[in-house]
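*Asks:* Sending over a structure as structure tokens; questions will come in a sec.
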Amino acid sequence: MRMKYVLSEVLVGLWRNVTMTIAMIITMAVSLTMLGASGLIYTKVADMKELYFENIQVSIFLNGEVSDEQRADLAARLDADPLISEVTYVNKDEAFKRFQEMFRDSPDLLSAVKADQLPESYRIKLVDPQQYKTISDQYASAEGVDQVVDQSQVLDKIFNLFTAGQNIALAAAVAMAIAALLLVANTIQVAAYSKRREVAVMKLVGASNWFIQAPFVLEAVVAGLFGSLLGLGALVALKKFLFDDALSALQGLFAPVSWGEVFLTFPLMAGVGGVISAVTAWVTLRFYLRV
Numbered sequence: 001m002r003m004k005y006v007l008s009e010v011l012v013g014l015w016r017n018v019t020m021t022i023a024m025i026i027t028m029a030v031s032l033t034m035l036g037a038s039g040l041i042y043t044k045v046a047d048m049k050e051l052y053f054e055n056i057q058v059s060i061f062l063n064g065e066v067s068d069e070q071r072a073d074l075a076a077r078l079d080a081d082p083l084i085s086e087v088t089y090v091n092k093d094e095a096f097k098r099f100q101e102m103f104r105d106s107p108d109l110l111s112a113v114k115a116d117q118l119p120e121s122y123r124i125k126l127v128d129p130q131q132y133k134t135i136s137d138q139y140a141s142a143e144g145v146d147q148v149v150d151q152s153q154v155l156d157k158i159f160n161l162f163t164a165g166q167n168i169a170l171a172a173a174v175a176m177a178i179a180a181l182l183l184v185a186n187t188i189q190v191a192a193y194s195k196r197r198e199v200a201v202m203k204l205v206g207a208s209n210w211f212i213q214a215p216f217v218l219e220a221v222v223a224g225l226f227g228s229l230l231g232l233g234a235l236v237a238l239k240k241f242l243f244d245d246a247l248s249a250l251q252g253l254f255a256p257v258s259w260g261e262v263f264l265t266f267p268l269m270a271g272v273g274g275v276i277s278a279v280t281a282w283v284t285l286r287f288y289l290r291v
């Protein structure tokens, strides 16, 4: 009987302040969507780093005046280096073939470059790709070396952009969460004020604090759960219309977002939305409603 009364009071309270309830749900939905999206971004950037680092190479380009002795000494040094897992020597002819393959759609550029103009190089893979700076420091000043080029130097700039995007999304989620919490607190205050006489009567007849506070707290929890459902719908729409359609041509460059990962964010969003709403409502009642 008590549970039935509490649930009926929750529905009445939500309908009584329907405009504020809708505003609370929408604000919570936007906040939880940003939270879920930022979580997916963090996961995907971590996956991309792991994927790219596994295939990263360091190229050591030789200068045009390198001697056979310098080339042999460098090769022996690379073979003995414990930081290096694989070494591939690329002569001028092989470098030219790779150049032709890379720029096969630019005939003017191909006609302007000859095989003897391209430098010899050693392409190396590292045991730990994140040790590329150590390799660069060791071999940049070696005899016969022109320059050391590492693909991760470019990737670091890309990952810095993704990290900035992560931080922006997280900051936006925090800002929206604060707005949602303030709206929850304000809604609970209005609901408690509108029922102040009922609360006073219930207190006089011996109703417990939990019984009086439960409908208000559950109103906030229900709003948080509805907000998480809308947030999940927004993430599904992003997956469908952005990642699968608009950005489908870039799936080879970016780690794909699976449906499983999207739906796994729902327990997180529902938990955060429900718990934070309940705690906010309870704290508000403790300070505003002296029961």
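The sequence shown maps to residues 1 to 291 in the UniProt record's numbering. Glycine included, C-beta positions come from ideal geometry on N, C-alpha and C.
According to DSSP, what are the bridge partners of S121?
*Replies:* Position 121 of the sequence shown holds residue 121. Answer is F61, V90.
*Asks:* Going by C-alpha distance, which of V217, A23, S31, T19 is nearest V174?
*Replies:* Position 174 of the sequence shown, counting from 1, holds the residue named residue 174. Of the candidates V217, A23, S31, T19, the one whose C-alpha sits nearest the C-alpha of V174 is S31.
*Asks:* Between the segment 57-71 and the segment 266-275, are three or more C-beta pairs nearer than 8 angstroms?
*Replies:* At 8 angstroms Cβ cutoff, the stretches do not touch.
*Asks:* Beta-carbon separation of V148 and A140 under 9 angstroms?
*Replies:* Translated into the one-based positions of the sequence shown, residue 148 becomes position 148. Translated into the one-based positions of the sequence shown, residue 140 becomes position 140. Yes. Within cutoff.
*Asks:* Run the CB neighbour count on A177, radius 10 Å, all protein chains shown included, and call it buried at 16 or more, exposed below.
*Replies:* Indexing the sequence shown from 1 puts residue 177 at position 177. That one is buried.
*Asks:* What's the gap between the Cα of Q130 and the Cα of I22?
*Replies:* Locating residue 130 in the sequence shown gives position 130, counting from the first residue. Locating residue 22 in the sequence shown gives position 22, counting from the first residue. Approximately 49 angstroms between the Cα atoms of the pair.
*Asks:* Taking E143 as the reference, which of A80, T163, N63, F99 has the closest Cα?
*Replies:* Indexing the sequence shown from 1 puts residue 143 at position 143. When only C-alpha atoms are compared, the closest one is N63.
*Asks:* Quick check: the Cα distance between A237 and A185, rounded to an integer number of angstroms?
*Replies:* To locate residue 237, count along the sequence shown from 1; it is residue 237. To locate residue 185, count along the sequence shown from 1; it is residue 185. Approximately 30 angstroms between the Cα atoms of the pair.
*Asks:* Could you tell me the boundaries of the alpha helix (DSSP H) in which Q138 lies?
*Replies:* Working through the sequence shown from its first residue, we reach residue 138 at position 138. Q138 -> alpha helix (DSSP H) spans 132-139.
*Asks:* So, is residue 303 buried or exposed, given that buried needs 16 or more other C-beta atoms within 10 angstroms?
*Replies:* Since the first residue shown for the chain is 1 and the last is 291, residue 303 is missing from the structure and cannot be characterised.
*Asks:* Does DSSP put I84 in a helix, a strand or coil?
*Replies:* Position 84 of the sequence shown, counted from the start, is the residue given in the question as residue 84. Residue state, collapsed to three classes: strand.
*Asks:* How far does the beta strand (DSSP E) with D150 in it reach, from first residue to last?
*Replies:* In the sequence shown, counting from the first residue as 1, residue 150 sits at position 150. Taken as a continuous stretch (DSSP letters only), the beta strand (DSSP E) holding D150 covers 145-150.
*Asks:* Mark A180 as exposed unless 16 or more other C-beta atoms lie within 10 angstroms of its C-beta, in which case mark it buried.
*Replies:* The count along the sequence shown starts at 1 and reaches residue 180 at position 180. By the neighbour-count rule (16 or more Cβ atoms within 10 Å), A180 is buried.
*Asks:* Identify the residues that DSSP records as bridge partners of L229: which are they?
*Replies:* The count along the sequence shown starts at 1 and reaches residue 229 at position 229. None, per the DSSP bridge assignment.
*Asks:* From the DSSP output, read off the bridge partner residues of L126.
*Replies:* Taking the sequence shown and counting its residues from 1, the one referred to as residue 126 is at position 126. Per DSSP, I84.
*Asks:* Do the segment 26-41 and the segment 219-236 make contact, defined as three or more Cβ pairs closer than 8 angstroms?
*Replies:* With a cut-off of 8 angstroms, the segment 219-236 and the segment 26-41 count as touching, because enough Cβ pairs lie within range.
*Asks:* If you count every other CB in all the chains shown that lies within 10 Å of the CB of K114, and 16 or more means buried, which is it?
*Replies:* Taking the sequence shown and counting its residues from 1, the one referred to as residue 114 is at position 114. Exposed.
*Asks:* Give the straight-line distance between the Cα atoms of I41 and D245, rounded to the nearest whole angstrom.
*Replies:* Stepping through the sequence shown from its first residue, residue 41 is reached at position 41. Stepping through the sequence shown from its first residue, residue 245 is reached at position 245. Straight-line Cα distance between these residues: approximately 18 angstroms.
*Asks:* Quick one: residues in its chain with C-beta nearer than 7 angstroms to the C-beta of A169, no 5 flanking neighbours on either side, listed in chain order?
*Replies:* Indexing the sequence shown from 1 puts residue 169 at position 169. Taken in chain order, the residues that qualify are M34, A37, S38, I41.
*Asks:* I135 and I84: beta carbons closer than 9 angstroms?
*Replies:* Within the sequence shown, the letter at position 135 stands for residue 135. Within the sequence shown, the letter at position 84 stands for residue 84. Contact: yes.
*Asks:* By DSSP, does R77 sit in helix, in strand, or in coil?
*Replies:* For the purposes of this step, residue 77 is taken as the residue at position 77 of the sequence shown. Three-state DSSP puts R77 in a helix.
*Asks:* Look at the alpha carbon of V279 and the alpha carbon of G260, and state the distance between them as a whole number of angstroms.
*Replies:* Mapped onto the sequence shown, residue 279 falls at position 279. Mapped onto the sequence shown, residue 260 falls at position 260. So the two alpha carbons sit approximately 29 angstroms from each other.
*Asks:* Please go through the same chain and pick out, in chain order, the residues whose beta-carbon is closer than 6 angstroms to the beta-carbon of I124, but skip the five residues on each side of it.
*Replies:* For the purposes of this step, residue 124 is identified with residue 124 of the sequence shown, where counting begins at 1. The residues are V58, I84, V87.
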